[in-house]
Amino acid sequence: MHRKESGKTKTDMVDSVHARHLLHSMIRIRRLEEKCAELYSAMKIRGFLHLYDGEEAVAVGVLEALTGDDAVVATYREHGHALIRGIGMGAILAEMYGKQDGCSRGRGGSMHLFDGKARFYGGNAIVGGGLPMAVGLALADKMQQRSRVTCCFFGDGAVAEGEFHESMNLAALWHLPVLFVCENNLYAMGTALKYSQAVVDLATKAASYGVAAAAVDGMDVLAVEKAAKEAAEVVRGSGKPFFFECRTYRFRAHSMYDPELYRSKAEVEEWKGRCPIATFAGKMKDQGTVGDGDIEKIEQDVAREIDEAVAFAEASPWESLEDLTRFVYSERRAP
Amino acid sequence: MHRKESGKTKTDMVDSVHARHLLHSMIRIRRLEEKCAELYSAMKIRGFLHLYDGEEAVAVGVLEALTGDDAVVATYREHGHALIRGIGMGAILAEMYGKQDGCSRGRGGSMHLFDGKARFYGGNAIVGGGLPMAVGLALADKMQQRSRVTCCFFGDGAVAEGEFHESMNLAALWHLPVLFVCENNLYAMGTALKYSQAVVDLATKAASYGVAAAAVDGMDVLAVEKAAKEAAEVVRGSGKPFFFECRTYRFRAHSMYDPELYRSKAEVEEWKGRCPIATFAGKMKDQGTVGDGDIEKIEQDVAREIDEAVAFAEASPWESLEDLTRFVYSERRAP
Amino acid sequence: MTNSDKGLHKLTYREAVREAIREAMHKDERVFLMGEDVGRYGGCFAVSKGLLEEFGSERIRDTPLSESGFVGAGIGAALGGMRPIVEVMTVNFSLLAADQILNTAAVYLYMSGGQFNVPLVIRMATGGGRQLAAQHSRSLEGWYAHIPGIKVVCPATLEDARGMLWTALQDPDPVLIFENAGLYNMEGTVTATAGPVDIDRARVCRAGKDITIISYSASLHKSIEAAAILAKEGIEAEVIDLRSLRPLDEQTFLNSVAASHRALIVDEGCRSGSIAAEIAARIMENVFYELDAPVARLCSVEVPMPYAGHLEQAVLPQVDQIVNLVRKMVGADG
Amino acid sequence: MTNSDKGLHKLTYREAVREAIREAMHKDERVFLMGEDVGRYGGCFAVSKGLLEEFGSERIRDTPLSESGFVGAGIGAALGGMRPIVEVMTVNFSLLAADQILNTAAVYLYMSGGQFNVPLVIRMATGGGRQLAAQHSRSLEGWYAHIPGIKVVCPATLEDARGMLWTALQDPDPVLIFENAGLYNMEGTVTATAGPVDIDRARVCRAGKDITIISYSASLHKSIEAAAILAKEGIEAEVIDLRSLRPLDEQTFLNSVAASHRALIVDEGCRSGSIAAEIAARIMENVFYELDAPVARLCSVEVPMPYAGHLEQAVLPQVDQIVNLVRKMVGADG
Ligand SMILES: Cc1ncc(C[n+]2csc(CCOP(=O)(O)OP(=O)(O)O)c2C)c(N)n1
Ligand SMILES: Cc1ncc(C[n+]2csc(CCOP(=O)(O)OP(=O)(O)O)c2C)c(N)n1
Ligand SMILES: [Mg+2]
Ligand SMILES: [Mg+2]
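Protein chains in written order, with the numbering used here: chain Z, 7 to 341; chain L, 7 to 341; chain Y, 2 to 335; chain B, 2 to 335.
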């Protein structure tokens, strides 16, 4: 099935099964986000909603580099990460509905998806707030002699927070296996990177902590995957942190309230031209690795998955008011 | 008077008046600190007391680079800075006594010396806490088109705080005239630099903010003065920040409570051999720039100054209890 | 842009805050606004929309995500002779700057023996009710009011949204202004001459002899609504808007309670250790013998704020709860 | 090092905390201590002196000055299966970690719908009285007690200093332990078997029928001293040690006040919005009709802490003030 063309670089040599898998993953995210936007308009989803369109190659590529034992810490723009990490779409949508079958039992919403079994530590909506946690998860692994990676996603905006600095230093100083993944989409809300960083080449930040670093085109899923696997190997092999910058772009507004005054339509269109899904699909089709039929099937599967997820969310019951104060504290004593 | 010897480097070419001035300044600090230690044992001074012995060349050298218009932000180890900046020794000691004539009216103590006229903004005892303030003072200068420098002292320990990172970035991003002076005495309380920083060459931190930097032997007052003047010129000329690391050592314990378990006597002795006062005095004597008589006179002057300061502090009244709540808020409304 | 030369002036709370900022910027060139996304984005809640175009990026200053850094820079700028308005997007994020607020801004004047006052205004959005969950829904204005050295004000009305800013800027000491985000869309009118207001005094919004309802910010409006319902039943509630939580103008509510003999405090903060507790304690300390019933508190249920709408509404004080509580209290021995 | 096989055991509060840490480290290898200068320096207040030698630098972990970073790392380590004891040198510096404590530790279990509990213990020194001035003398335990999702305990006695740590470590949720630095040198005895204590219940330290004095931490000892003086005058004060400020065991003090009909709360926190206000409010809400006099509070004067000794002592509650207040209250209509 998989045709190897001469002259292709190594990253391009991907077999059809894997290509379809990557495409499927990215399309699942994209369609889910589209559905979320729709459900937001329908007022089924409320609160803040931060969509990931355009950045799919980052979550998909990076998460390919992890095993089930590894931990993931993400931000409020985490639907994609949660989904690819294995949280069911139904549980994700039910969460955004605020329903009992939501992956956070309706208490978290879009910004706070969690899953213990997937070692998915949220869904953190304080910018930079997840970084120290990732350091601690890695510290626990180190102290318990477990060889696991903690992968921490954060935005370009988070780099300005003091917690970025403290976390990088701690992870480097203590030799902790953290894969720091900076999703550099060039904006923190409406603040372009150049207005938030004196030095905009973020990967260079790692040097002052003695941390290995790499930057990658975050619109190219194969490039992300390859570099992430290398980075994860460094972390796994050395037990030390790695700073991994993915250069990407969000196609949509920051959240549903954002009138996007801070960037031009032309800029957005230009980046949309680099859509990670379309680009990858196009390339794979050119190579003959996937066909139109494959893509059609993926779309159908995803459409069905989404329909089922919506139905699941719709059908899920509301948490009883009697349980309002449940989980403020744990129900049992002995840890 | 001032003999220029051939073969001397430029920093060694200092005239006698200036040499005596520097020596006088450093000796004033040293003798004041010794008196403080004595008064602490006599329980005239209470609370925390952080002495500066061994680091005199830093405050003296750096403050030579400032004008009266510039601002100074310092830490809790700031007696020397306050003194050299022009706060009277009497007002400083009275402050440590907790008396009304203290430079902070007895409300601050050793860690919180202040003086409006000297533009001496404390006396800040939250490690790293003064850095954002320095950024703001410089911002005010910039916005009001004043060409002044804000000089901010902080320790090696402060570099690990998030506020260091945020402040460096803000100053660099906004082009603010801050002279960041890192007093690297190799320890933060009992934590050696290597246990607090993944990369111990602190001056390299500046690169990730695009900030100019220099490191200097902080035990050599002439070297500090020269480099500080150059640094201050860069700040003044460019309106941009500068990171200036002074490598020094504190001869005494961190505070009066510290049993110094974390470093060897031998290490301390070795550094004491590099005493900035003895070294400089020796060199100046060798060169014939100052004589034994000069030094004797300085010591006498300083001894008298200290006696007068102690007498002043002793004689100063206690703040009345009726004024306990004064200065929680300002007494007037219109700013 | 404004119609300030005409008599009454219709606008939203958001616009009232914006006009206050504009006016202050025009009146005093030392004033500037700094915070995350105040400029190019147009303000997280659109409060500062248009101001960048009017005043430029030096005075409408977008900051990086560095709460401690830019709040501290605000302190420094205030010390350096400017009159900064620092916007912390929401009170939740102010926790990253808690050290600067408490350990520097609040203590600088005192520690320096009266030498260095900090004329800094910090504005923050506060409050729950918009399904933003635990990390975005705190009401911490009462909590901050515990700290000596700062002032804490809570504009509930358009007049106050319009007027408190200038008063705060005239204050030589740090003032925290809490704007409940749920109020930004509230519409109303202010007089064209709306100007500085006294922020030291509470205000009796509605007179009544049967009970005193003490509130502020968003819950003030629920209290007023409840009072209207109660009035139809013949229960006359006096409603007080605290306006400032620090200093707390106790005289106004003590006088009222001394006359009505009953008090209910409505507060969106979590109950334990709330400003409502402080008010209850002061009432007891000062007019205990005037009380016909124990002072009651209606506060938020003590949970991290849940996302689901029905759960969130169950956390926050509601009009019907106020009505029921008052009915019970007044009925008790009235 | 210890004589724990003998019956009674003489030691200081500092040693009691140290023994608690040692024991926990021996009993459970997931336990480790992390904080500034806990290791090589020997602990800022010498609490952890000797532990580095005994347990090594992995488990007695010196941290850089990065409060937010290492408190957050404590949260992560707890989530990762460890049982960290994070030492924040003093409560003043905890403000740098306020975001991690409030916005992560306190809400994680709830936000995750019960999935992720955070078994983290944070120890901090608190309190004034040692002439350390405004940035080093805060008493914020009552302030933290406002926050749902965390527990706040204040060991006042050697038993509690010895016992509360293990109980806190057994708790699946974040527990903040506040050690008043003025108590570290306090000497006393504990039984060799001193072990975990119940941290959910207040304790009646001294029985008395005329008034209830409610206190905790350092001011408990002042209250007990005052009660002894009052006893000589025939006034029998019941003294209650709250021990835990969140959850607050109200039943113990409500029962006492219902019997004594008078209450005084002694608290080193600043008065406005203090835990003392909360207690006063609860007393009113629950046993109003049992009260013979308004509940009184003796708190710290609301100033940033001054350095000068005489000023500082004037800020803090004092024994003679307690005595005088009680005399007045009991005399009032007793
Ligand atoms: C500490 C903090 N400050 C401010 C905010 C409000 N806020 C939410 S997202 C955001 C921008 C973050 O940008 P970035 O880190 O680049 O992530 P992106 O949204 O681009 O994925 C801001 C300012 C917040 N949530 N937390
Ligand atoms: C935020 C904060 N954390 C902890 C402390 C306690 N503390 C006071 S000084 C100090 C060490 C600071 O070291 P460094 O910055 O190198 O300055 P040095 O004392 O060596 O001059 C520490 C940990 C503090 N004052 N502030
Ligand atoms: Mg971004
Ligand atoms: Mg140092």
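Yeah, the Cβ is synthetic: ideal placement off N, Cα and C, and Gly gets one too. Just so it is clear, the structure is predicted and the values come from calculations on it, not from any experiment.
Whole angstroms are fine: how far does the CA of residue j sit from the CA of residue i?
i, j, result
"L182(L)", "A107(Y)", "25 Å"
"N325(Y)", "P323(Z)", "29 Å"
"T379(Y)", "H262(B)", "Only positions 2 to 335 of chain Y appear in the structure, and residue 379(Y) is not among them; the question remains open."
"Q101(Y)", "K105(L)", "27 Å"
"N104(Y)", "Q136(B)", "6 Å"
"S273(Y)", "G235(Y)", "32 Å"
"M83(B)", "V206(L)", "29 Å"
"A237(L)", "A229(L)", "12 Å"
"R280(Z)", "R37(Z)", "18 Å"
"D223(L)", "E251(L)", "9 Å"
"E59(B)", "A259(B)", "52 Å"
"H85(L)", "D313(L)", "17 Å"
"A21(B)", "A166(Z)", "40 Å"
"K14(L)", "F318(L)", "Residue confidence is low: K14(L) scores 43 on pLDDT, short of 50, so the model does not pin down where it sits. No coordinate-derived value is stated."
"P297(Y)", "A264(Y)", "The identity of residue 297(Y) in the sequence shown is Ala, whereas the question assumes Pro. Distance between the alpha carbons of A297(Y) and A264(Y) is about 6 Å."
"E55(B)", "A17(B)", "17 Å"
"A234(L)", "G150(B)", "50 Å"
"D329(L)", "L312(B)", "9 Å"
Closest to residue i by C-alpha separation, out of the options, would be which residue?
i, options, result
"R204(B)", "V72(B), S257(B), K11(B)", "S257(B)"
"I215(Y)", "D268(Y), Q171(Y), A232(Y)", "D268(Y)"
"G67(Z)", "A315(Z), A317(Z), P282(Z)", "P282(Z)"
"K152(B)", "A195(B), R23(B), L299(B), D199(B)", "D199(B)"
"H171(Z)", "R152(L), V155(L), Q203(L)", "Q203(L)"
"V302(B)", "M35(B), R139(B), G75(B)", "R139(B)"
"H5(Z)", "T156(Z), S326(Z), D75(Z), A194(Z)", "No answer is possible for residue 5(Z): it lies beyond the span of chain Z, which begins at 7 and ends at 341."
"R31(B)", "I61(B), G115(B), G40(B), G143(B)", "I61(B)"
"R91(Z)", "A213(Z), V296(Z), W180(Z), C157(Z)", "C157(Z)"
"G288(L)", "V227(L), R332(L), R338(L)", "V227(L)"
"R34(Z)", "D292(Z), L99(Z), A209(Z), A140(Z)", "L99(Z)"
"V154(B)", "V327(B), M125(B), A134(B)", "M125(B)"
"P138(Z)", "C206(B), G73(B), G115(B)", "G73(B)"
"L170(Y)", "V119(Y), G130(Y), W144(Y), A182(Y)", "V119(Y)"
Per DSSP, which one or two residues make a beta bridge with residue i?
i, result
"G129(Z)", "A80(Z)"
"Y193(L)", "A198(L)"
"K105(L)", "According to DSSP, which records beta bridges pairwise, K105(L) is partnered with nothing at all."
"C158(Z)", "V79(Z), F186(Z)"
"D293(B)", "The partner list for D293(B) (beta bridge, DSSP) is empty, contrary to what the question assumes."
"E180(Y)", "A126(Y)"
"K11(Y)", "T190(Y)"
Check the C-beta distance from residue i over to residue j and give it rounded, since I have them as a contact under 8 Å.
i, j, result
"G168(Z)", "S95(Y)", "At roughly 14 Å, the Cβ-Cβ gap does not stay under 8 Å, so G168(Z) and S95(Y) are not in contact."
"M32(L)", "A71(L)", "The pair is not a contact, with the Cβ atoms about 16 Å apart (cut-off 8 Å)."
"A77(L)", "R125(L)", "4 Å"
"V320(Y)", "A232(Y)", "Contact doesn't hold; Cβ gap of about 13 Å is too wide."
"T192(Y)", "L9(Y)", "6 Å"
"M290(Z)", "L29(Z)", "7 Å"
Within 6 Å of ligand 3: residues by beta-carbon to any heavy atom = G161(Z), D162(Z), G163(Z), N191(Z), Y193(Z), A194(Z)
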